[in-house]
Structures are given as C-alpha cells and as structure tokens.
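Chains as they are written, first to last, in this note's numbering: chain C, 991 to 1480; chain Y, 22 to 187; chain B, 66 to 164; chain D, 3 to 537; chain S, 3 to 645. Beta carbons are placed, not taken as given, at the ideal position from N, Cα and C, and that holds for glycine.
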Amino acid sequence: MNDSILYWALLPEILAGAGGIFIVLLTPFLRGSRDRGSRLIPGLTLLILLGAMVALFTVARDLPQSPMKELSFSGDTFSLSFRFLLLLICAVISLAARPFLEREEIFRGEFYALLLFIYLGMALLSGSQDLLSTFVGLEVLSIGCYILLGLKRSDLRANEAAWKYFLLGSISSAFFLYGIAMVFGATGSTRYADLFALMGSHSDKQATLLLNCGLALIFVGLAFKLALVPFHSWAADVYEGAPSLIVAFFSTAPKVAAMAALMRFFNFHFPRMHYSAGHFAGWIAVASMTLGNLAAISQQNVKRMLAYSSIAHAGYMILAIFIDNETADTTLFIYLLAYSMMNLGAFLILSLLSGKGDLCVSLHDLSGLAERRPGLAALLSLFLLSLTGIPLTGGFTAKFYLFGSALKNGLVGLVIIAVLNSAVSAYYYLRPVVHMYMKPLPESPSPAEVPPVPIGFALAIGTAALAILWLGILPSFWLEFAEKVNLALK
Amino acid sequence: MEFILFLIFSFICIAAVLNMLFQKESVYCALSLVVCMASLACLYLLLQAPFAAAIQIIIYAGAVMVLFLFVIMLLDPRSDSGSGRPRRMLFLATVLGISLFAALAVFLSRSQSFLNSGHPKPAAGQIGAVEVGLALFHRYLIPLEAVGILILMATLGAVLLAKKKI
Amino acid sequence: MTVPIIYYLGLSALLFALGSVGLLLKRNLLVQFMCVELMLNAANLAFVAFSQGRADGSVIVFIVMAVAAAEAGVGLALVVVLFRNRNSLDSEDFRLMKG
Amino acid sequence: MKIPYLLALLTYLPAAGGILVLLVNGAQEKVIRWFAFLLSAAVFVLSLLLVASYPLPAAGYVLEETLGWLQVPQLGITHHMGVDGVNLFLVLLTTFLTPIAILSSFTAVHRKVQSYYALLLFLETGMLGVFLALDLVLFYLFWEVTLVPMYLLIGIWGGERRIYAAVKFILYTMVGSLLMLVAILYLHLQTGTGSFDLLRIAGQLSSGAAALTRTQELWLFLAFFVAFAIKVPLFPFHTWLPDAHVEAPTAGSILLAGVLLKMGAYGILRFCLPLFPHASTAFAPLISLLAVIGIIYGALVALVQTDMKKLIAYSSVSHLGFVVLGIFSFSLQGLQGASYQMLNHGISTGALFLIVGILYERRHTRRIEEFGGIARSMPHYAAATLIIALSSIGLPGLNGFVGEFLILLGSFAKNSALTAVAVTGVFFSAAYLLWMYQRVYFGPLTRDENRQLADLDRREWACLIPLILMAVWMGIYSQPFLQRMEGASRNILHPIQSNQLVAREASPDFRPAASPKPAAGESRIAPEPRSFPHE
Amino acid sequence: MSDWFWIIPFFPLAGFLVLGLVGRRLPVAAVSLTACGSVALSFVTALFSWQALLRQPDEARFFSQRLFTWIAAGNFQADFSFGLNPLSMVMVLVITGVGLLIHIYSTGYMHGDPGYPRFFAYLNLFLFAMLTLVMAENYLLLFVGWEGVGLCSYLLIGFWFEKPAAASAGKKAFLVNRIGDAAFLLGLFLLFYQFGTLDFRGIEHALHSEPLHFPVETGQIGTLTLTALLLFVGAVGKSAQIPLYVWLPDAMEGPTPVSALIHAATMVTAGIYLVVRSSALFTRAPLAMETVAVVGMLTAVFAATIGLVQRDIKRVLAYSTVSQLGYMFAAVGVGAFVGGMFHLVTHAFFKALLFLGAGSVIHGLHGEQDLFHMGNLRKQMPRTFAVMLVGMLAIAGVPGLSGFFSKDEILWKLFSSGHTWLWIAGLAGAAMTAFYTARLILLAFGSRPHGEEAHGHAAHESPAVMVVPLVILALLSIAAGWIGLPAWLGTNHLEEFLSPALAVHAEGAHGAGSHSTEIAAAALSSGIALLGIGAALLFYFYRRLDPDALAGRFPFLYRLLRNKYWVDELYRGVFVQPCLWISRRVFWLYWDQEVIDGLVNGTGRILAGAGNILRRLQSGSVRDYAAWLCAGALTVLLYLLIV
C-alpha cells in the first residue's frame, strides 16, 4: 500500500528522470539533422518540466497528510513549494538555453538531460527525510554542475572554474559525509525522524554533543553550496569563468535546494535546538552580508560584482532560519522566489550582452547602453533596483517580509546591520545604471553590436521581470500561494 | 589477538598515507593509496563487515585506483617539482590538519562512554550480501535509484568532457 | 576482546585530517583528488565502525563508494580536459581568475 | 460633487500619463510636451476640486479613502489615503508647480524628451502619494518611489558633476529612509495592531493601549527624525542639497526645491510629533538650535557663493531652518507659520530656480560675475526677479513675511534668545539676495553678450505670472490658507500639549478688556479675543 | 467725508499700478498728470478728513476703518485697518503736501530721463507705503509700511542703476534699515507677549487702565523698557541716528527730488513718528527716554561737525538732516513730544526747500555738485538764490522764521527739563548748523575769490515748474513757525491739536522758570545763530580768515572730519570683511567641503578600501580556497566546543 503513496509523491521526479533518460537516448539519432533536432529537444524538456509542475499540484492535493515515516522521501508541502520554484527556474533556463548554447557552439541534447537530472537531485535534496538520500541528492546536484561547468571545453577560464568548483565541492561533500557519519553514530539511524526525536529529548548529554558536531559539519557542507562567508571563496572565480547562462542557473537553483535542506535541519518542525545554531549562524550571516557588499563595491567586472552580491543575499537568507514561528517557510519561499528571479534575469541579460565568446562584461562595456538597447537597459535596471530593494519591486517585498518576521523574533541588531548593508549595496547596484544611462556612448572602441534578442531569451527574461513586478506590486497573490501551500501542511 | 591485527593494519594504513603525502612521483602516491585501501578493507573484516571489505577491494582498490593509474600513465606528467611556496603552505597545512584532528578527537573522546555502551550488541553474525541487499531495496530504495541516475550522469559527463571530438 | 570502536573512530578522524592536509600540500591535481578520495574513505570507516553489525553501515558504504566512483569518473575527465589544454597538472598554473 | 476615489485618481493619473508618454513613439516631441503639460494642468484642476470640497471648519482628517484591491492583508498594509489641513496645500503646491516645471523645460530639454517627461510625471505621482498616504508602508513606498525619478533626472539631464551629485543624493536619502523602514517595522510590531495604518497606531499609542517605553520612543523618534532631517535638509545633513540643485535640470530643481524638501518637514509634522510626543519635546531644544544654526549658516554661506543656483540652494537650507524652528516651537503660531512657510518657500524658491533657468538657457552659465546690467537689456525680467527676490527675503506684503513672522512669533515664547539670533537670519537673507541682484542686474553693461539678450517671451511669462500672483495673494490675504490649516495644527499639537509637556498655547496671562467705542465711523473693536473660526 | 478717509493711501497705489503696468506706453504729459493728480487727490481728501477730525469732540478724536483680517493664527490677530488720530493727521498732511510739491518739481527736474514713468511709479509707491505707515492701526501694518518705504528708498536711490555707486548705495540703505527692522520685529514679539495684541489703541488702553500691572520702570530695565529700546533701535535704523546713519549720506546718489522727499521730509521722520505714537509705552520707561535723548543729541552734534567740511552740496544737506533728526529725538527723549513733532513739520518744509534749491542749482550747472566748483550764481539764478536764502535763515534759527520757533522750543524744553548738558550741546549744534548752511549759500551763490575761474556763466535759471514749488515751500518755511508759538508769544495751536493723542510725560513738568527765563533762552539761541552766520561770512564773504590756513593748523582734526571719522571704513573692517571671510573660508570651504563632505566621501573611500583588501584575498589558487574552507569548518567546530 505505501508504495503507491511513494510513487504518487515522487511523480514529478519520476517524470523528470524518465524524460532525461529518454532525451539521452534520443540525441544520437538526431545528430544528423542539426536544425530539427535543435528544436525538438528543448521543446520536449519544457513539456516535461511543465508536466512535472502540473503533477506536483495534482499530487499535492490528494496526498495523505502523514509524511511517510519509514520511507526516505516526503512529499510534504514544505518541499512542494520549493520544488515548484526549482521547476520554474529549470523551465526558464531551458527556454533561454538553445540560442545561448548555439552561439557558444556547445549545443548538445545532453545539456537538457543533465538539466532534468539536476532537477531530480535538487528535488531529492529539498524533500528527503533521510540523511543518505540528502547526500545522494547533493551529489547528483554537484556532479551535474561539474559537468555543466566543464561543457565549454575550449575556454580555459571555464575549465579552471569547473576544476575549482569540483575540488572544493568534493571537499565539502566529504565534510558533509563525515557529518552524516557523526549523526549516524549518535542516533543509530539516518532517518530525520530519529534525528529530531533525539534532538528534542535532550536525553544523553554526550549523544547530543556528537549530534551537534555532525550537524555542524552538515551545515558546512550546505553552507558551501550557499557560498556563505567562510566557504564563499569559489563563488567569484566560478561566476566569472563559467558560461553566463550556466551561471544564471548555477547561482539560483542550487541555493534554493541547499536552503530548503538547511531549513529542515535547523528550523523546521522541532523545538529550538538547544545548541547554539543561532550564534554561529548569526555571525556567519553578518560576515557574509558585510563581506559580500564590501567586496562588490570595488568590482569592475559585473559578473564578479553579482557573485559578491549573491554572497550578500545568502547572508540575508540565512536570517530565515532564526524565525521559529509559522511564517518562516512563507518568508523563505518569497525571498527565494524574488532572489532567484532577480539573479536569473540579471545573468540572462548579461549573457546576452557578453556576445560571442561570452567575454566578461565590465562596467565600461555597459556605458551608453540606454541609447543602443533601451529595452535591455530598462530591464537590467529593474533587476538591479529589485536587488537593492527599491519599493514596487519583488526585492523590496522579499526584504520587507523577511526583515519584518526577523524583527518579530527580536533580531533587531541583525536587521539593522542588514538594512545598513542594503544601503551600501545601493551604491554598487546603481553603478551599472549610472553607466548605462548617464555615461555617453563610447566612440572610440565601438562596442560589439548586440544581436537581436532571440525569442527564447525574450521569453525567459520576460517571465523573470513579470515575476518581479508581480511580486512587487501585488504581493498578496504570492503570499496567499505560499501560505495556502504551507497551511495545508499544518 | 584482534587488537594486534587492528594495530598492524592501522599502522600500515597510516604509513601508506604518510608516504603518499611526501612522495614526489604521482605514480607512487597512487600505489601507496592502493595499499591504504587494502588495509582499510582488512579493518572492515575486523569489524565483521565482509561485504563492505569485498566491495572496498573490488570497487575502490580495483576500479577507481586502476582508473587513476591509467590516467597517470596516459598523461605521464613531470614529477611534482616540490610545493611552490614551501614554508607558508606547509606550516598552514600542518596547523590546520592537527587542529582538525584534535577537534574531532575531542568530540569523540567526550562522547566515548556513550559510544562504548550505547550500542546494542550485534545480534546476527557477519553482515553478508543478503542483509545488505534486503536493506538496500527496502529502506534505501530512493537513494539507490538516485545513485543509478548519478552513475548514468557521470558516464555521460565523462564522455562529454573528455572525448576528443564529438 | 573486541577493539572498542573509539579506536576505529580515532583512526578515521586521523585519516580525515591527513586527507585535508594532503590536499593543501600537494600541487599535483591528481594527488589532491586522491586525498579527497581518502577523506571519503575515512568517512566510510566511521560508518562501518558505527554500524557495528547492522546492515545500515555496509549499505551506506556501498552507496558512498558508488558516489565516489562517479565523482572520480567526472573528476578524471576534467583533469584530462585541463591537461589537454594546459598540459600541466600543477594547480599553481591555474590562477587565471583572481581579485 | 463628490468624485469617488478622488485621492487615488489624483495620485495615479500622472503615472498613467507617464506610461502613456512612454508608449507613444519618441519622435513627436511636440505632442509629448503638450500632452504632459495638459495632463499636469488637468491634475491641478482636479486638486482644486479637492480644495472646493474641503469643508470648513476642518478638525480631523477630512477626505479619507481606502482602496480595496491594492491591499496586502497578510502583512497589514492598507492603501489608506487622507487629506487634512497639513497636506491639503502641499498637494496643491505639487500640482501647481509641476505644470510650471514642465512648461519651463519646453526649450531646455532636447535629449531623450520622451523619458524626461515620463519621469517628471512619475515623480509627481510619487510626491502626491507621499503627501496623501496615511499608511506607514504606503508612505515609505512613495517616499522611495520619488527617489528614482529624481535620481535619473539629475543623473541624465544634469550638469557636469551630475553623476556625483545624483549618487550622493540617492545614498544620503536612502540611508536615512532605510533606518526609517526598520523603525516602521518595529513600531508595527510594538503596537501589535497588526496593521501599518497611521490612525490606528496613533490611536493605540495615545490611548495607552500599547505604550512605548521611553528608550524605545527615543530610538524610534531618532530613526524617523534622521530620515526626515536629511530630506529637509537640517544643518548637519545638508551638503547634498547644493550639489543636487546645481547639477539638476531647471524643472528638476524646481520640483526638488519646491516639493521634495517639504516631504521631510511634512514627515516630521505627520509622524514624529503625533507618534512620539515625549521624545519630540525632549529633543526640541537641540533641534531648534540646529535649525537656527542652519538659518545663519545657510544665509552666510549663500553670501559668498559665485554660482547662482548654489546660492539659492543654500538659501533653501536657511528658509527650511525657519520651518523646522517653527515646528519645534510647539506653539500654534509656530506650526501655522511652518506649514505656511513651506508653501511660500515652494513658490518663491521654485520661481527663483525658474529665473536662473531662464538666464541659463540664454547664456549657458550661472556664474554671477558673467553678468552685470541685465536690467538694461531685460527690464521686465529684472522686475519679475525683484518681486520674487523680495518675496524670498520676506518683505511684508509678500508671502515670505507672513510665514517667517508667525514662526518667529511662535518660537519667541518658547526661547526668546534663540529667536533673537534667528531674526538676524532675516537680515542676512536680504543681504545675499540683494547683493546677488545688484551684481547681476544693476551696474554697467560690461559684457557685450549681455547686451542683446532677449527679454521674456510668452511661455516664460506664463510660467512666472502664476507664481508672482500667488506670492502677492498669499502675502496680502492669507486667511483662506491659515483657516484650513488651523484644525490640523491643533490636532498635531494636542498630544504634546495634552500631557502638559508644554505650557498651554503661548498666550500671555493678561487679557486686555474691550477698548472704548469709537465715536464715529464704522470700526472694529480690535483686541477682544476671537472665537474660532469666524467668517 | 469722514468715513472715506481710508481712501487716502489708495490714490498713490492706483497711480503706481497705472504707471507701473502701462507707464511706458503713456505720453510724458499723461504720466506726470497721473502721478501728480493722484497725490493731489489724496492731499485734498486729507484736508477734508482734517476738517472732519477737528469737528470731533476732544476725547474721541480718531477714525478707524477695518478692511479685512490679514493674519490670524491662534490668539494672534492682525487686521488690515487704517485709522486717523491727530498725530497721524499731521503726518498725513505733511506727507501729502510736501509730496505734491516735490512731484510737481520732479516733472521739471526729471524731464528727458528715459526712466521717467518708472521714477514716478516708484514715487507713488513710496507715498502709498508712507501713508500706510502713518495711517496703520496696528504695529504690524505699520511694519508693512515701514519696510515698504525701505524698499522704495532702495529702488529710488538705485534709480540710475548703471552707476555702480548708486546701486551699492541703494543696497546699503536697505540692509542698514533691515538691521533696524530686525530689532523692530523683536520689539513686536515682546509687545504681543505683554499685551496680547499689536493694536495701538489696545495697547494704550491696557497701559492706562491697568497701571499696577504696568508700573513705570524707573531705574531698572523691565520688559517695557526693553520693548521701548528695541522699537527705538528700529527707529534709529530708519531715521539714521548714531550707529546706523551711514546709509543717509550715500543715499545722495539718488535723484535730488528723492533726497528731498524721502531723505529729508518723510521717510527719515518715520522713526520719530513711531516713538511719538508709542509715547504711552515710552513714558513708562524713563531709561529708554534717557537713551533716546542722549543718542539724539549725540547724533546732532556729531553730524553737525562733519557737515562743516563737506565739499558736495547734497552731502552737507544730508548731514544737516541727520543733525536736525538728532534734535527731534532729543526733544522726544525729554518728553517734549509736541516740540519734536513741531520741529519735524518745520524741518520738512525748509529742508525740502534747501534740497530742491540745491537740485535746481545742480540742474542749472548740468550735474555739478561740488561747492568749490560753483560761485556767483546770484546773478544767473536770482530766484533760486532768494528761496535758498530764506531756507538758510530758517534752518539757522534766525528769529521770526519757522526754524527759530521749533528749534527754540526744543532748546527750551531741554533747558527746562533739567538736561543742561544736552542744552549746551544743542546750542553748539545750532551754531554749527548756522555756520555750515551759511557757508553753503556763500560758496554756491557768493562771488568766487579772485584766483579760481567760475562756471557761473553757463548756469541758467530753472523753469517755472521747479521754481513755483520752491516759492511755496519758502512761504511755508516762514509761516510754519506761527502754528506753534511759544507761551510768551501766543497760543500753541499744534499743542492743542496733538495733546489728546499723546501721553503726558510725568517727569517733564512744565517750564521750571517763568516766561522771562524762556525769553532769555530764546534770545540766547538766536544770538548763537547770528554768531554762526557771522563766522561763515567772515570765512567766505569778507575772507578775513582763510579756511585752508585754519585747516592747516589743525591737520588731524580737519582730516578726521573730512573722512567722516572713518566710520564707513570702521564698519567695513569690523563687520563686513570678517563676516565675508568667515563665511567663505570657515563655513563654506572648510566646514562644508572638508568636514561634512570629507566625512561622507571618507566613509565611501574606507568602504571601497575594505572592499579592495577583501578582493585581494581571492588569490586564485585552489589550495588557498581549500585552506579557507577547512579553516571555516574548523572555526565552526571550535565554536561549538567553546560556546
């Protein structure tokens, strides 16, 4: 009996996996006819992803409430909202992938298969109820990313970025694994349920000590994925080196999955951990905010600047784990939705602007963009304003809701630091706007003529911008969505 | 008796690792790692986990390390010309290593009494293939499927990355 | 008398620490990668030590090895690509991006 | 006739116009210009309707509106707008100055005309929103929304150092307003009403249902006050103003000086005083001192400026020092004077910037020594400038005097020594303006470029005449304005006076009896106390 | 007719609006007609209102007409209401009368000037402001008039704005007045907070009906004295007394009719009118009265000394005005309010006469103003010479003319009220006045000494339109004395008319001695006057004594007077330059640029610096990143162990 529940709960993931495999089988046959193949596969992927979304909501409705205790995956609504977000990001990326890959001559059918497999890994990571399946989910995600980064074989910078990410990623997986070992030692089993039981009971002083060490190491593993401060060093180089579309995917989806997993351990469902997650997470949040913002100020390369800004945003996100009332999940969902859409939009536009060969976009290249491409300039400004948190954009609603809930839990100090940081961030977020609108077109090296925007890109950036404006102007819809999904849980 | 065996194998293992660290030639490093893997397998036997020992030898020592040796032979890199910034990095690495080990050791020693007593005595005897198979396909079904997908991705990735011309 | 598992755990902690030290010391990419494999093995040892006769330990070891193998596959592929482009395996050469 | 949702219509009409301007193709600049002007004129007529339907005597909030579909119930944000004595005339000032600003930039702006007028219209929506919002978050929303258009206006169409000025402008205001955001959130949580509505929060605070401890109130007051002080600008936070003014285009300067500076003072009146009476009285002496320093400092520095726009910018620092002095005198005369001076400053400084803009269009320089003897080549222009300069100096009979007199009268009761120092500000303001007037307009026509300068054309007259008429009307017959403000000023003072923090309205203890009836000729018994409102 | 009195100020206002808006298009004749017509109309209305006022019974001799409420906030109330009481009636008559004559004179003087309509527009605006000042019912409306006349003097002094000297003189006049106005404002606030209203009658009634609440503050500076002093500072600013007189001599840059109307007859007397109008307040502040008297007499003597050595004809008359105003303040200071007003009226006539006479001389000599370049104009301009002679005799105080009666009354009041020192100074002042006016006439009209050539031959007599007003003024200067005859000669009509409107100064009890001492004093003062004139004759007519030789003997004294005690340079050095230096160097360049901007940009630079340091941490080598990662994990573990 319980198997059928399992299959229903995992329907979206099964769809994704099967789809991926089918695409892997399909690509060799279509090698010959370059143009027809390049149309069919992306369309198929999009179809699969949308199908998964539909499955997600149909499944969520009639799911029996008790998350399956003995099975290692739960389709509970907490993961539902995050899996919806992951599907949304993958769909947007698949829209924009084809024109970008063709321009960079690394178009492969396999890219889409990888995309689906990575989605599967992330879904597993955010929804798993068992430490082992979390680890495997994390590994699927990481290896998928290593491959994506390495796709552009000809570009030295991309290779270097891939290698750096690979080595550091495997170290963090090692830490993660050692953490699981410790927790396994303390609780005797890898299931979350036993973990939470032990945490709540404070029975054995020494067991909880071991448990704390395990959880700390697990935090290290996940913090690496989020690029929080002590583990952030890879972010700048990888964001700069990797192909910008992949960075667009890379800077949003894994963070959402890692954040969901983190919330499960440190916040969700169980009475406040008696060990001081609050303290060191608080220090890490402050460190990432300040370092992220300060380092971004003096950046000339826009991608590196956005890398540091995403470190800063990771710092803001971490505040969510301190919120121990019921709004924690909705706050985090809204923040991640806004963050991913903003970052996605910004990087998609940058990948358009960087032209053939995906050379890095510096502030100087942006000057006078408003005259050449007013539409793109306006959209990029919208995303940057939203990243700053100017009202009427999604960024503001996200920050407002997050800081509001954080204040409710008495985190006055942290919120003030966060607010001051976003004031500092205004400076470097607005510098590209200054270059685009206020600097004249550079005559001497006439900037590379940006080709007309392909439809895929237009659709992708359009959805991102629509999401940001919708979240900014009429946030009540999304707030309701998040609450309805989570209320179902309670 | 068991204790002496444990001492022997752990000594071999540590010696192999130290050798790996200070070897110049990468081939010798690979070989010393194989030795370490083998000694670990023996330790697994001591811990009544023959299945683990078997797959350790087959997968790790056999497949993965052989793969490493192939790659080393294929690329025959020049010997490691010593670490560029000897002083600083050496000092930093040792300090980090020692303090990491010390921290983990403190954690373990503090929870020593719990570790020794807390665990139920092993009911059945050796952990053979049967028990592992049952657990695998009942409790850990989802991770297994995911690992399947993972390995498919790995092969796919290896082909995409390394094949000369696609 | 069976060996108390604390010794095994001590050994695994030592291996783990040595793995991370090796990582920092060695300049050759492959050897660095081997050190990471070593750290994974240390974790495996800890798992087996903790499971003490229950099936869980071996299952986890099995899955971890599969994962490590997959990782090795992809890692070595990357190393091959790097070597083909820069025909050097010294990590100090790969410092294009900084600041 | 009562138009439903008049306030919302008034606020969002310019924004709708702005979007329309963006959609129309950028080529026909003429159509865009006239459309923007006619739209803002229509909004002005609409706001006149607002005044018409404003009943006298008005005690509390008169026209209140809550827009259903823009709510965010989960967070407690309501789209609640309202008009009372304080913001009625500020709304009018905005809708009055915007068409003039648009009209004045017909010939000034030729680059990216489409987005220029769109930004001006968006700016108008932001400003109206700030004055009309009664919900804290809605207020903050519009407060930030006004930042972006002004930032772009200064940045794109400004002078040479426009980028530095624009960045300084947005950072200065943003740091202040972000602290205010934290304060709003904290206040929302403390009062526990689950909503950001100002009336409900004020009700809670005054009824003691959710009393703030003294330190909380202190910190909240500081957070709010710093944000507003930067905007006013009060003395130590004023250095962004001269840069922003000098680099902004003419229309930008008019709106920046005319309306944006008032948002700071309005914020103090609307939020700081009613919500935090104890803290306000505690800080009143310090703030009054800063205000007086601002008055003297602004005037003195204006004396030595070589650039006309910088001179006017520093004069704004001095004039708004008066406004803050009036607000923190906690006397009815002081408050009335402050709100009245806000309107005067809007008109006289807006006109001054217009005049400098007109001269800049002809000679493309603002340095005073470039000019001399302009009165000979442009007599009408010189006459108009003189009238406006006099209104800015505060010549009795023009609008400046009424505001300044009431402020000084109000603050004299509270602190006569400080007021004595403030009165010297009256002298210095005459000094720098007349000295500038003499160097630019009088004296021999030394440079030949000044010889054949064309006098004002019809469009420029159309901009100046309404301002001059308003200056004279508000100088001579100030009753219609002061009566409508009276109710709101009493409301604001009530919480401060109710807990006996400040002596009753600064009336002398002695009341003269009615004087003898004059024998012949119809006459008024002058001094017997007047019951309000009469007429 | 009595209830239409408030129309008086609106005629000149209408004139100003017409000339201001369409003046440029009207022909010259129409301009002069509207200008003089409007003033004439208000003069006629003033006469009728005067008659109506006379018919009023003594105790209710005032009209009041409230037009509308100007400012009302809380319990402060200021109405736009005009009123007439005997005091303001006298002022109105003088203003409209002398104003009319000067308007007629100016049509001749300003003939052919391109700014002709603009000039008359400003003159009419001035009259409107002056009439508002005197007819105001409350201090605030008086302040409107007060600043209005300041504005008009600014416009008229700087009428020929091409001349840089004229422009800066206008600015100087306005600013110095503005200093006085600032003090005036403070006085107004004090008044409001004591009496709750700013209406004259309200305050007077309060002072009369509650004597215990407002005691006479003898010997100590109470709030009443402070208010009185502040009002007096305002008056000093407007009527050019000791500290704030520097603007009047420079105001001579304006056209001569302006000097005659504004800087002799009307505006400068506003200060005295203010003090006399608030006599009820001043009588309760003896200390304030003392300061008024002392400052007045000081100015009188001080200005007279400077007048002795001036070369420019208008400068001489300017210092003489300052000196005569000093006399008026001295009189008011000792309580002789009527005496002060009497001298104000007579001075308006003969000083206007002298100025207009000087104007026709300058007109005749095509702009020449230096006395030493003039000479034997007696033959070329006989009529001007005759009227100037009458004016000189009047101002010198030669018995029989108006100057004698009014000055003698002041001197007598000084003597009788026990201020002997002030009396002696007064006599010295009178002597000097006689001397420098005689010197002026002799230098201008007398024959040149043999050596120097004279410009006399080119001069031509002024046209009738200028001479007729001169003649009328001459007649007035002679006849004006009779309205205020001293007790031993006849009844003092002016005193009867004014007494109900003025408060009685308790201290200034009437004449200590009998009539005989009064006559003796009068004889003494007329003797002093004749002595002065004789001395001038000796110097400039019979040339017995050589002025340059005298100057040679006292070189320092001569240079001191010649450079007007270097007061202008003193003010510039002590106030203006340091103020400019501080605001440029200390405030603007240092405080704004360095401190605040430095702070702001500093934080910016620090943040960018910190950013750079953090950026350099990214060394690019994987091993460093791995080290960071392990160090991070380590800190987390250690943190758990320690905390």
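Verify the CB distance criterion: does residue i have a CB-CB separation below 8 Å to chain Y?
i: Asp-121 (chain B); result: yes
i: Val-1276 (chain C); result: no
i: Leu-1461 (chain C); result: no
Name the residue from the options whose alpha carbon lies nearest to the alpha carbon of residue i.
i: Gly-405 (chain S); options: S:Val-238, S:Leu-472, S:Val-389, S:Ser-479; result: S:Ser-479
i: Ala-84 (chain Y); options: B:Leu-83, B:Ala-108, B:Ala-137; result: B:Ala-137
From what residue to what residue does the alpha helix (DSSP H) around residue i run?
i: Ala-464 (chain D); result: 460-478
i: Gly-20 (chain D); result: 8-25
Run through the DSSP bridge pairs and tell me what residue i is partnered with.
i: Thr-71 (chain S); result: S:Asp-81
i: Arg-545 (chain S); result: Answer is none; Arg-545 (chain S) lacks a bridge partner.
i: Val-74 (chain D); result: D:Ile-79
For residue i, which residues in chain S fall below 7 Å Cβ to Cβ?
i: Val-85 (chain Y); result: Ordered by position in chain S, no residue passes the 7 Å Cβ test against Val-85 (chain Y), which lies about 21 Å from the chain.
i: Leu-88 (chain B); result: Ala-628
Kindly indicate if chain D contains any beta-carbon less than 8 Å away from that of residue i.
i: Gly-160 (chain S); result: yes
i: Glu-509 (chain S); result: Confidence at Glu-509 (chain S) is low in this model, with a pLDDT of 47, below 50, so its placement is unreliable and the value that follows should be read with caution. For Glu-509 (chain S), the answer is no, since every Cβ of chain D falls outside 8 Å of its Cβ.
What are the start and end residues of the beta strand (DSSP E) that includes residue i?
i: His-517 (chain S); result: That residue, His-517 (chain S), is in no beta strand (DSSP E); its alpha helix (DSSP H) goes 517-542.
List, in order along the chain, the chain Y residues whose C-beta lies closer than 7 Å to that of residue i?
i: Val-139 (chain B); result: Ala-175, Gly-178, Ala-179
i: Phe-159 (chain B); result: Under the 7 Å cutoff, chain Y gives no residues; its nearest Cβ is about 12 Å from Phe-159 (chain B).
Can you check whether the C-beta of residue i is within less than 8 Å of a C-beta belonging to chain S?
i: Leu-105 (chain B); result: no
i: Ala-132 (chain D); result: For the record, residue 132 (chain D) in the displayed sequence is Val; it is not Ala. Taking Cβ atoms only, chain S never reaches closer than 8 Å to Val-132 (chain D), which makes this a no.
i: Met-66 (chain B); result: Since pLDDT at Met-66 (chain B) reaches only 47, below the 50 mark, its modelled position is unreliable, and no value is offered.
i: Ser-120 (chain Y); result: yes
List, in order along the chain, the chain C residues whose C-beta lies closer than 7 Å to that of residue i?
i: Trp-630 (chain S); result: Pro-1220, Ser-1223
i: Phe-81 (chain B); result: Tyr-1168
i: Arg-617 (chain S); result: Ala-1285, Ser-1288
What residues from chain B crowd round residue i, counting only those whose CB sits closer than 7 Å?
i: Gly-600 (chain S); result: Correct list: empty, because the minimum Cβ distance to chain B is about 29 Å.
For a cutoff of 8 Å on Cβ pairs, would you count residue i as touching chain B?
i: Glu-1470 (chain C); result: no
i: Val-638 (chain S); result: no
Who are the neighbours of residue i on chain D, taking C-beta pairs under 7 Å?
i: Trp-590 (chain S); result: Val-303, Val-306
Under a CB-based cut-off of 8 Å, is residue i close to chain C?
i: Thr-646 (chain S); result: Outside the displayed span of chain S (3 to 645) sits residue 646 (chain S), for which this structure offers no information.
Against residue i, what residues of chain B qualify as contacts under a CB-to-CB distance less than 8 Å, listed in chain order?
i: Glu-1129 (chain C); result: Val-132, Ala-135, Glu-136
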